[in-house]
Every structure is written in C-alpha cells, then in structure tokens.
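Here the UniProt record's numbering is used: the first residue of the sequence shown is 1, the next is one more, and so on.
Input: a single structure, listed below in structure tokens.
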Amino acid sequence: MSEPILSEPTVDEPPMALPLQFTDAAARKVKNLVADEENPELKLRVYITGGGCSGFQYGFTFDDKVNDGDMTIEKSGVALVVDPMSLQYLVGGEVDYTEGLEGSRFVVTNPNAKTTCGCGSSFSI
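Next up, the structure:
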C-alpha cells in the first residue's frame, strides 16, 4: 500500500487544502539539514506524543522511511511525513522554523490546541 503524497499546487493547478502546511522557512531549513546529512532520502517526521506540561507534545525527527498510512507532504523539493494518529491532532496546522531569543526550532501552529504551554512545545485538546 502506498502512502498518500501531497504537494503544493503548481501555477496551473487549482489550490488544494493540505491537511498540514509547512512554511518556506521550514522547507529551507529541512533542505539545508538534509544536505548536511548527505542523505537525500531524509524527510522531516512530525509526530505527537503524550507528555509535556499540557498533555501532548510535538516531536520532530528525520526519517528515511515512510510507513504504511503515513502522509507525505512535499514542498520545495523536501518532504514532511506524519503518521495517521498524529495527523488527526494536526489537521489545519502549520509547521514553521523560527530563529529568535529562544533559539532556533521548528514550531507548530495548531488550531486544534485548546491550551499550550509557555514554550509552545506542548498542548492540550
């Protein structure tokens, strides 16, 4: 069974609502990190785990595998992968990459989160 692969629409295609977006900044950072690792098969895996001060927390890792049921979203030549359990909590969200006083990190804007902790890495539904 092949995983669903979604990508940003081209100029000739009508816009399609992706279940999870990722920004140009996130795509650039993923592209740079993949180049540093010299493994073009790497994808950014976004997942949800129990924990953190609000009940759930976001996780990010690089993975060269795509499991059955995973959704792959492509942008600017890089891929983001999310498992079906995590996707249900992330629908409508956006993955970004920020650099600021707190350091550099991937962050999730999640419209499904009712509350978040101060650092933004955990949330509750």
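Using N, Cα and C, we set each Cβ at its ideal position, and we do this for glycine too.
No experiment lies behind these values; they were computed from the predicted model shown.
Thinking K29 and Y97 are a contact (beta carbons under 8 Å), I'd like their distance in whole angstroms, please.
-> As a working note, residue 29 is residue 29 in the sequence shown. As a working note, residue 97 is residue 97 in the sequence shown. Yes, K29 and Y97 are in contact; Cβ-Cβ is about 4 Å, under 8 Å.
Hey, out of I73, G93, K75 and G59, whose CA is closest to residue 126's CA?
-> It is not possible to answer for residue 126, since the shown part of the chain is limited to 1 through 125.
Could you give the uninterrupted runs of the alpha helix (DSSP H) lying entirely in the UniProt domain "Core" (20–120), keeping only those of 4 residues or more?
-> 24–37 and 84–90
Could you pull out every residue in the same chain whose Cβ sits closer than 6 Å to the Cβ of V91, ignoring the five residues on either side in sequence?
-> Here residue 91 refers to the residue found at position 91 when the sequence shown is read from its first residue. Result list for V91: P19, in chain order.
What separation, rounded to the nearest whole angstrom, lies between the Cα atoms of L80 and A25?
-> For the purposes of this step, residue 80 is taken as the residue at position 80 of the sequence shown. For the purposes of this step, residue 25 is taken as the residue at position 25 of the sequence shown. Each residue's alpha carbon lies about 13 Å from the other.
Taking all protein chains shown into account, decide if residue 126 is buried (16 or more other Cβ within 10 angstroms of its Cβ) or exposed.
-> No information on residue 126 is available, as it lies outside the stretch 1 to 125 that the chain covers here.
Which same chain residues, not among the five before or five after Y89, have their C-beta less than 8 Å away from its C-beta?
-> Position 89 of the sequence shown holds residue 89. I48, F56, N110, N112 and I125.
To the nearest angstrom, report how far apart V78 and L101 are at their CA atoms.
-> The residue given as residue 78 occupies position 78 in the sequence shown. The residue given as residue 101 occupies position 101 in the sequence shown. Spanning the two alpha carbons is a distance of roughly 27 Å.
Using the beta-carbon count (16 or more within 10 Å), is K75 buried or exposed?
-> On the sequence shown, position 75 is the one that residue 75 refers to. K75 is buried by the Cβ-count criterion.
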